[in-house]
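Report on the structure given below.
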Amino acid sequence: MANVTASQSTLQSLANPTRFVAIADRVLPWLLGLTLVLFAIGLPLAFFMAPADYQQGQTVRIMFVHVPAAWIAMFTYVVMAAAALGSLVWKHPLADVSARAAAPIGAAFTLICLVTGSLWGRPMWGAWWVWDARLTSMLVLFIMYLGLIALWHTIEDPIRAGRIAAILILVGIINIPIIKFSVDWWYTLHQAASVFRFDGPTIHTSMLIPLLVMAVAFMGLFGVLHLMAMKNEILRRRIRAIGMRAAYEGRRGVA
Amino acid sequence: MGGVDHLGFIIAAYAVTVVVLGALIGWIVLEGRSLRRQLARLERRGYGSRRKSGDAG
Numbered sequence: 002m003a004n005v006t007a008s009q010s011t012l013q014s015l016a017n018p019t020r021f022v023a024i025a026d027r028v029l030p031w032l033l034g035l036t037l038v039l040f041a042i043g044l045p046l047a048f049f050m051a052p053a054d055y056q057q058g059q060t061v062r063i064m065f066v067h068v069p070a071a072w073i074a075m076f077t078y079v080v081m082a083a084a085a086l087g088s089l090v091w092k093h094p095l096a097d098v099s100a101r102a103a104a105p106i107g108a109a110f111t112l113i114c115l116v117t118g119s120l121w122g123r124p125m126w127g128a129w130w131v132w133d134a135r136l137t138s139m140l141v142l143f144i145m146y147l148g149l150i151a152l153w154h155t156i157e158d159p160i161r162a163g164r165i166a167a168i169l170i171l172v173g174i175i176n177i178p179i180i181k182f183s184v185d186w187w188y189t190l191h192q193a194a195s196v197f198r199f200d201g202p203t204i205h206t207s208m209l210i211p212l213l214v215m216a217v218a219f220m221g222l223f224g225v226l227h228l229m230a231m232k233n234e235i236l237r238r239r240i241r242a243i244g245m246r247a248a249y250e251g252r253r254g255v256a
Numbered sequence: 259m260g261g262v263d264h265l266g267f268i269i270a271a272y273a274v275t276v277v278v279l280g281a282l283i284g285w286i287v288l289e290g291r292s293l294r295r296q297l298a299r300l301e302r303r304g305y306g307s308r309r310k311s312g313d314a315g
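Chains as they are written, first to last, in the working numbering: chain A, 2 to 256; chain B, 259 to 315.
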């Protein structure tokens, strides 16, 4: 009970945008530093320490950007869904800010996943693209990100846009388990999961460790970019509020 | 990585990652600067927010 009260109090204190920005400013340099260190470790591991695959040869090195990008693309959508819930159910002032700030980041990581996957597929499968369930559901995720970004830009009132976007985000969450389990539910050219499996990873530790280091580095980068984008969104809303107040005061002055 | 098979595909994959992430980082940083300039301009005109601009980063 005490833990629930404490976590509610933390959430309430973060609800104040000014306090959130102050905390973000303190966290950002540390998170950025940690991310750079992780990339400095992960990239040499991926390029020089991880062995070539016995079937795919050196082409397997694409995995160290393709797979973390895919994980972050899906993780970002889960973050947006949690924010959408926070926005609709608890009316948390920063929830919509979080969702809107995350969308372009999710779109970028999904694009990286799709393009690097295509560049990996061409030499391995002999095709740039196949309409199998994994690739198609990932493309749907990319289109959903673009649709949500367009929605936020189309509706001027951020509160109204936020509500509509939150509903769409929650409807779209169905695509995440479809992406994850598509390789099990349907026959796909895309390989089955080899890390997050009920019976444990099937990938050798010499490849698993570089992959996990790169994934944590990508996660750190997501954290840095999300905090920065949230700060931008708070600023944008503050400028809009000042502009509207100025316009209102101007009209009153004329009347 | 001696005698690398499909080297072009590997380089292209990493290059795309760098370009997309670079564009994303650049866009977020530049947008932040532009928004801070806008806020400062409004405050100079006397339309300041009730909080200090430094609070917003």
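For each residue, glycine too, the CB sits at the ideal point set by N, CA and C.
Neighbour list for residue i in chain B, Cβ cutoff strictly below 8 Å
i	result
A:I240	L293, Q296, L297, L300
A:I113	V274, T275, V278, L279
A:A51	Those within 8 Å of A:A51 in chain B number zero; the least Cβ separation is about 10 Å.
Residue i to residue j span [Cα, whole Å]
i	j	result
A:L120	A:K232	35 Å
A:M145	B:H264	32 Å
A:F199	A:D158	45 Å
A:V214	A:L39	7 Å
B:G290	A:L236	8 Å
A:M220	A:A247	40 Å
A:A193	A:R62	18 Å
A:T36	A:D133	34 Å
A:I170	A:A85	7 Å
A:L212	A:L190	22 Å
A:F65	A:L115	14 Å
A:G244	A:I160	16 Å
A:L29	A:Q59	35 Å
7 Å CB neighbourhood of residue i in its chain, flanking five on each side removed
i	result
A:A162	L152, W153, I156
A:V22	K232, I235
A:F143	A108, T111, L112, L115
A:V141	N176
Closest residue to residue i among the options (Cα-Cα distance)
i	options	result
A:W187	A:A100, A:W130, A:T111, A:T137	A:T137
A:L147	A:E250, A:T189, A:R239, A:G173	A:G173
A:G224	A:G58, A:I42, A:F110	A:F110
A:M139	A:T36, A:T19, A:A23, A:W72	A:W72
B:I267	A:L212, A:K181, A:G127	This sequence places Phe at residue 267 of chain B; Ile is not what is there. Closest option to B:F267, Cα to Cα, is A:G127.
A:T117	A:A23, A:A216, A:P69	A:P69
A:S207	A:R27, A:F48, A:L29	A:F48
A:Q56	A:I210, A:K181, A:M125, A:I24	A:M125
Residue i: contacting residues in chain A (beta-carbon distance under 8 Å)
i	result
B:G290	M229, K232, N233, L236
Cβ neighbours of residue i in the same chain (closer than 6 Å, five flanking residues each side left out)
i	result
A:R123	W129
B:M259	Residue confidence is low: B:M259 scores 46 on pLDDT, short of 50, so the model does not pin down where it sits. Its coordinate-derived value is still stated next. Same-chain partners within the cutoff: there are none.
Residues near residue i in its chain [Cβ-Cβ closer than 8 Å; skip 5 each side]
i	result
A:V79	I174, I177
Interface partners of residue i on chain B, CB under 9 Å
i	result
A:P105	L282, W285, I286
A:V116	A270, A271, V274, T275, V278
Contact list for residue i against chain B, beta-carbon separation under 7 Å
i	result
A:A247	Y305
Near the ligand COA: residue i beta-carbon under 7 Å from a heavy atom
i	result
A:L212	With respect to the ligand COA, the structure shown offers nothing to examine, as it has no ligands at all.
Quiz prompt | Residues in the region 208-236 of chain A having any Cβ partner in chain B nearer than 8 Å | solution = The residues in question are L222, L226, M229, A230, K232, N233, I235, L236.
Exercise. Check distances from the C-beta atoms of the region 63-85 of chain A to those of chain B and list, in chain order, the residues that come in under 8 Å.
Key: Taking 8 Å as the Cβ-Cβ cut-off against chain B, the residues of the region 63-85 of chain A that qualify are I63, V66, H67, A70.
Quiz prompt | Where the region 118-136 of chain A meets chain B: residues whose CB sits under 8 Å from a CB there | solution = Hits within the stretch, in order: L120, W121, R123, P124.
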